[in-house]
Every structure is written in C-alpha cells, then in structure tokens.
Amino acid sequence: MTVTVIFLLTVCCAFISAAYRPSSEGGPPDAPYKLYYADYNKTWENYKITFDKKYKDEAEERERFAIFMENVNYVEYHNWKYHNNRSSYYMGINQFTDLRYQEIRETIGRRTKRDRFRYYCNEYTPDTRQVPAYVDWREKGYVTPVKNQGKCGSCWAFSAIGALEGQWFANRGRLISLSEQQLIDCSKEDNGCAGGGANTAYEYILQAGGVDTDANYPYQAKNGTCHFDECEISASILTCTAVVPEESEEALKIAVGNIGPIATTLTVAESKFEHYKGGVYDNPSCGSGYDDVNHGVLVVGYGSQGGHDYWIVKNSWGASWGEDGYAKMSRNKGNQCGIATTAVFPLVR
C-alpha cells in the first residue's frame, strides 16, 4: 500500500500535495522524505483561510509561518512513524499549528492546589461491582456537543460543567447545555481565564444554589462581571465527590462505568498533544503527578482498540480538534498523563 504525506493533514481542504520524497536532508532524523518550501507555502495559504488566521503585520506573519513550518514538519514525521507502526496515534494540522507550546500552555487553564482538591470533595470509593468492558456515555445521551474554550484558560469550567450535565441527565432525564461562563465570572475560588479546578467550581455551584444554562448565560471566552440570577437556576448539586484512591485507573474505570462522565485533568506537555488527530494517544514520558496535570477534560467512556486500552476523553478545543473534539488516551499504562489523578464528579439534587 502506497502511503502519502497528505493522508492525515487534511482539514476541510487538501493541505500538502506532496508524496514522500526520499531524501537524506531537510527533515527530522530518520525521516524518509523532504518537504519543499512550495509545499509549506501552499499549505500555509490554505491554513490561513481554513482557520481564519489574520496577523497584525508582515513581521508577525513571517514569525507564524516559521512556527507553522516547524510544526508541520513534526506532524509529518510523526505520521510517517504511525504509518510504519511506530506509533499508535496520528497528528493533524489545526488551530494550534502556528503557535508555540508556551503560548498554548498559557490558555490550558488548570490551577488548583493539592490541599484544596481533597478539602472540597467527599470521597467516592468504588465498590466491587462489575462494569462493562466498553462504555461510551455519548451513546446514552449523557454528553452535550463539543464546545470550544478559545483563548481563555477555562478548561476547568468545561470539565466541571460536562460532568454536571451528565449527572443532571442521569437523574432528571434532560440533557441541558449549562453555563461555563457563569463559573468563569462568579467562582471566586477560581481564576477565570487564568485557571481553576472542577472541585472549586462545584463548591461555588453549591454555595450559589445552582448554575444557569449556556443559552441564558452564554460563553464569552473572557473574564466578565458576575450577573448570575438565582431565579434562573437550571441545575444544582448536593456535593463534590472525588474518586479515590487517587491515581487509580481501576477506580476511575469503575466510576465511569457506574456513574457516568467524570471530570478530571491530564498533562499537556511539550509532546505536541495539541496536534493529536486520531488513534490511541500514548506518551510514556507524560507526567502523571498532581503537579504535572494542567488541563481539565471529561472522561466519557473507555474501551480497547487494536490491543490498546483507552479512555474516551472530551476536550474543549472545538470539534475540528482530534476525533471530532475527542481523544482516545492510553489506559492501564500507569496512570499515563495523570488521567486518574484528580477525578471528580457532582452528586445532583
């Protein structure tokens, strides 16, 4: 089977038209091809249109183009490894391809201290009930469409709201898109677009009496003044519950299998996770400790694929990222990327 570079870099339009070009220069170590400037330039022009990229002047565009070329080269090399069975996942061009990791890190958004995590939540100790080998709560109606946090470090709010949306559906039979913006504006224990945690978000919801819908209190991707109206409560909670023991993937599996979608965090490190497009993400060097995890997500299920166990993770980077806004993260590999380190969910009224 002939494999072309183009296969995994298409996002609404064909980006790179070049096939593999054997070369001993011009690519990463061991890369069996060379990308020419014309390939990058054509891809760049399509990229700016597809993702509506605009820059303040020519100097900034030159800088962004240089970053773009570096990232595309990395993505191409990684996808060559995927095609040659040297990786379990593949990458693609997306809204992050003209950004450096340091810029992306500024909008990741998780900033909760360890002592606060356990303080605000009761403990959920999984029992020995059997759970299915495969679970996907999207198929049961527990999960709202993928959302996009934009240039605001509000992943923690999307994670917390996602788990609440699922529990509200489980108990009331209605799936309602709830307001992340209310948490950003009103939760004083969190820091809005500068980060926060699902546990402190639940503490705020408990004290406020509930949360409004996204339709009534829409997302703005920036900090705002709290204007929550107690007469507009659409969902409320009894308490925050933490899955223990911490860092136990088995405990997380039982919680996801029995409870529903679970809010958690993972480590987004300098491993190009932002360019994930599909397959089972596997990064053995990804930190898993409490001080490593830095991005709030929602675990909506788990399963296995091609000998790889995985978690189904809902992200908040829009539906064009990953597998329609989702990622399959490695499971049963020593709590890789800290997927089970800060797992929490709300009990609802």
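Take 247 as the starting number for the sequence shown in the numbering used here and just add one per residue. Note that beta-carbon positions come from the ideal geometry of N, C-alpha and C, so glycine has one too.
Kindly indicate which three-state DSSP category residue i falls into: helix, strand or coil?
i	result
F314	helix
N445	helix
C432	helix
Y465	coil
F404	helix
D460	coil
E493	coil
E369	strand
Y388	coil
A488	strand
K397	coil
T511	strand
I479	coil
W563	strand
K518	coil
D570	coil
Whose C-alpha, out of the options, is nearest the C-alpha of residue i?
i	options	result
N581	L544, T513, P592 and R595	T513
L424	W402, L452, Y463 and Q453	Y463
M575	V389, Y527, A509 and N292	Y527
A461	F474, R384 and D538	F474
D298	I350, T343, K327 and N330	T343
T390	V539, G399, F404 and A440	F404
E306	K523, K386, D373 and L345	L345
Y465	V490, K434, L498 and I430	I430
Find out if the Cβ-Cβ distance for the pair residue i, residue j is shorter than 8 Å.
i	j	result
K560	V543	yes
G549	Y328	no
V381	G503	yes
N445	V590	yes
Y448	A501	no
K397	A467	yes
Excluding the 5 residues flanking residue i on each side, which residues of the same chain have their C-beta closer than 7 Å to its C-beta?
i	result
N578	E495 and D555
W290	F311 and F314
W383	V389, G412, G506, P507, V546 and G547
Y347	E516
Given the structure, does residue i come close to the ligand ZN, in the sense that its CB is under 7 Å from one of the ligand's heavy atoms?
i	result
G525	Only the bare structure without any ligand can be found here, which leaves the ligand ZN out of the picture.
Which same chain residues, not among the five before or five after residue i, have their C-beta less than 8 Å away from its C-beta?
i	result
L484	L452, P592, L593, V594 and R595
P274	The predicted position of P274 is uncertain, since its pLDDT is 47 and thus under 50; no value can be drawn from it.
C432	Y450, A454, C472 and F474
Excluding the five sequence neighbours on either side, which residues of its own chain have a C-beta within less than 6 Å of the C-beta of residue i, listed in chain order?
i	result
E478	D458 and N462
A488	C367, E369 and V590
A440	G399
Are the segment 311–323 and the segment 334–353 touching by the rule of at least three beta carbon pairs closer than 8 Å?
yes
Given 8 Å, three or more beta-carbon pairs between the segment 403–423 and the segment 372–380:
no
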